[in-house]
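*Asks:* Residue numbers (full-length UniProt numbering): 5 to 517.
Where a beta carbon is used, it is the ideal one built from N, C-alpha and C, also for glycine.
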Amino acid sequence: IVDFGIKEALKELGVSDHNKGTSTGANWFSSKETISSFSPVDGELIGNVETTTAEDYEKVIQTATQAFKSWRILPAPQRGEIVRQFGEELRKLKEPLGKLVSYEMGKSYQEGLGEVQEMIDICDFAVGLSRQLHGLTMHSERPGHRMYEQYHPLGIVGIISAFNFPVAVWAWNTALAWICGDVCVWKPSEKTPLCGVACQNIITKVLKDNNLPEGISCLINGDYKVGEMMTTDKRVPLISATGSTRMGKIVGATVGERLGKSLLELGGNNAIIVTPDADIKMTVIGAVFGAVGTAGQRCTSTRRLIIHESIYDKVKNAVVDAYGQLRIGNPLDENNHVGPLIDTDAVKGYQNALEKVVEEGGTIVVEGAVLSGEGYESGCYVKPAIAEADNSFKIVQHETFAPVLYLLKYSGDIEDAIDVQNGVAQGLSSAVMTNNLREAERFLSHAGSDCGIANVNIGTSGAEIGGAFGGEKETGGGRESGSDAWKVYMRRQTNTINYTTELPLAQGIKFDL
Ligand code: NAD
5 IVDFGIKEAL KELGVSDHNK GTSTGANWFS SKETISSFSP VDGELIGNVE TTTAEDYEKV
65 IQTATQAFKS WRILPAPQRG EIVRQFGEEL RKLKEPLGKL VSYEMGKSYQ EGLGEVQEMI
125 DICDFAVGLS RQLHGLTMHS ERPGHRMYEQ YHPLGIVGII SAFNFPVAVW AWNTALAWIC
185 GDVCVWKPSE KTPLCGVACQ NIITKVLKDN NLPEGISCLI NGDYKVGEMM TTDKRVPLIS
245 ATGSTRMGKI VGATVGERLG KSLLELGGNN AIIVTPDADI KMTVIGAVFG AVGTAGQRCT
305 STRRLIIHES IYDKVKNAVV DAYGQLRIGN PLDENNHVGP LIDTDAVKGY QNALEKVVEE
365 GGTIVVEGAV LSGEGYESGC YVKPAIAEAD NSFKIVQHET FAPVLYLLKY SGDIEDAIDV
425 QNGVAQGLSS AVMTNNLREA ERFLSHAGSD CGIANVNIGT SGAEIGGAFG GEKETGGGRE
485 SGSDAWKVYM RRQTNTINYT TELPLAQGIK FDL
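#1: Candidates 252, 177, 40, 133: which alpha carbon is nearest residue 479's?
#2: Is it buried or exposed for residue 341, if we count other Cβ within 10 angstroms and need 16 for buried?
#3: In this structure, how does DSSP classify residue 5 when only helix, strand and coil are distinguished?
#4: Please name the residue or residues paired with residue 52 in a DSSP beta bridge.
#5: Taking C-alpha atoms, which residue in 330, 373, 392 lies nearest to residue 313?
#6: Hey, quick one: how far does the alpha helix (DSSP H) through residue 235 stretch, first residue to last?
#7: Can you name, in chain order, every residue of its own chain whose Cβ lies under 6 Å from the Cβ of residue 495, other than the five neighbours on each side?
#8: Pull up the DSSP beta-bridge partners for residue 414, would you.
#9: Leaving out five residues on either side along the sequence, give the residues of the same chain with a beta carbon under 6 Å from the beta carbon of residue 458.
#10: Cβ of residue 261 versus every heavy atom of the ligand NAD: is any distance shorter than 7 Å?
#11: Pop quiz: residue 206 and residue 93 are said to be a contact at Cβ under 8 Å. What is the actual Cβ separation, rounded to whole angstroms?
#12: Would you give the residue range spanned by the alpha helix (DSSP H) that residue 348 belongs to?
#13: First and last residue of the alpha helix (DSSP H) that includes residue 479?
#14: Whole alpha helix (DSSP H) runs in the stretch 278-302 with 4 or more residues, listed along the chain?
#15: Please work out which residues of its chain come closer than 6 Å, Cβ to Cβ, to residue 168, disregarding the five sequence neighbours upstream and downstream, and give them in chain order.
#16: How close, in whole Å, do the beta carbons of residue 323 and residue 276 come, if the pair is a contact with beta carbons under 8 Å?
#17: Around the C-beta of residue 21, are 16 or more other C-beta atoms found within 10 angstroms, so that it is buried, or is it exposed?
#18: Does residue 33 come out as helix, strand or coil in the three-state DSSP assignment?
#19: May I have the straight-line CA-CA distance separating residue 452 from residue 445, to the nearest angstrom?
#20: Closer than 6 Å by C-beta to residue 84: which residues in its own chain qualify, once you throw out the five before and the five after it? Chain order, please.
#21: Just to confirm, is the Cβ distance from residue 160 to residue 241 under 8 Å?
#22: Can you check whether the CB of residue 384 is closer than 8 Å to the CB of residue 170?
#23: Where does residue 512 sit, in a helix, a strand or coil, going by DSSP?
#24: Who does residue 268 pair with in a DSSP beta bridge?
#25: Are at least three pairs of beta-carbons, each pair with one atom in the stretch 331-338 and one in the stretch 364-372, less than 8 Å apart?
#26: With distances taken Cα to Cα, identify the nearest neighbour of residue 175 among 141, 228, 230, 244.
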């Protein structure tokens, strides 16, 4: 048995067999109910986390509300300094946290480290941004008047996150929200609660070292019912929710009902278009990593390959050959390419997709299978599969969160391929593989891809934090991370100042007394 150092990692992160799951920082609350976290890697129980009660939720919100009052008046660059220190702690704990991500979620250790790196990167980004939260100034139509806009903090930001990026999504939100002057309450996925406890321990130390009040970073735990405590709560002006489209429709409606703001980062159905001018070698690497990386459990995973008929067989054979080389097994073992799915429900979703695609008239070209035997005891390991299908199939229109890749053939020109690419309900990530400038530009134009992310000669997955991240249509329309995504964490105020002794009205309206 290879020891991957999990026990030491948990110890370093302050995660035990039994953890309190509700925290306002140094203060942790006890409750009776727990969630058990089992590793999809080996099926072992990693630890238990106590869930949040309605009373404890109330204490959390009151403490966060109080903390906001002092946090919002700290100058933004000083808040940036706290985020800088948080990034430093993450650098120190990159390996244990990357290991926990890999063990609790099932992604490869490399990807676990990559996730922590994203957290560090967003901290660096946020530190610089803390000196750049600027609005515009504009000329007033009235003489002796000055007009400008400012961005002010919102208050409590509620973060609901998915299992597949158990730590990075929280950091994308918090690092920006904190420098913007907001305080955060996080409900991690009930499938990865220990990652939540570990992250809260890291930020708690930083806040304590700086004598900052309880409540700037809060953690709550549980399933959707605990999430609903926040989505229905008027005291939480912004809900940032990452997860399935099904969840987003409910959360969006609930938050909309009370006219709160929501930032929704939901499911994708991402495609790579492969044109006759594509570099086939690059296409194969991009498509295979996109389809099987994280066992097909990225929101940006490649689900569809839209291949021109003239090169269809060539691309198909090359991708099928590459699938033959894949090693499936323990994701902490760096020799393996594909780890497990998150749980046996996800395995059922995978099996269902393979049945449905055949029922609808598709052809399996790489057979799937649920693996058993030594090393596969958790029952969560599956063989990445490929099916030839049609974009109109119901199952192709649906996001199956597993390594199932659909091959779709197009004839005609790039426009026909773009129609297929856009012909789904989701709009997250898209890519074209081509060396033809006209095709590439057409794909990126206003008549091109309708997704939030559109790449040329890169696959669909693996975004950088510098750009705004998110998608259109049923992906929810939210943007996180880089560019000007910070604006959603703030409220905009337009200010007009009159420095004369007259009171001229806008639009030249006369109102003489
Ligand atoms: P999920 O929708 O099952 O759960 C996500 C989170 O929402 C969990 O914390 C869950 O407890 C909570 N939740 C569910 N119903 C809720 C409700 N009614 N009210 C409040 N909270 C509720 O998703 P999952 O299986 O954890 O994650 C996979 C999905 O997430 C995929 O669809 C994937 O594409 C998507 N995802 C999207 C992005 C993105 O940035 N667009 C990133 C990661 C994952």
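*Replies:* This is what the structure gives:
#1: 252
#2: buried
#3: Residue placement at residue 5 is flagged as unreliable, the pLDDT there being 45, under the threshold of 50; a coordinate-derived value is accordingly withheld.
#4: 22, 40
#5: 392
#6: 228-235
#7: 156, 158
#8: 312
#9: 434, 448
#10: no
#11: 5 Å
#12: 348-363
#13: That residue, residue 479, is in no alpha helix (DSSP H); it is neither H nor E in DSSP.
#14: 284-296
#15: 301
#16: Their Cβ separation, rounded to whole angstroms, is 11 Å, which puts residue 323 and residue 276 out of contact at 8 Å.
#17: exposed
#18: strand
#19: 8 Å
#20: 131, 134, 183
#21: yes
#22: no
#23: helix
#24: 245
#25: no
#26: 244
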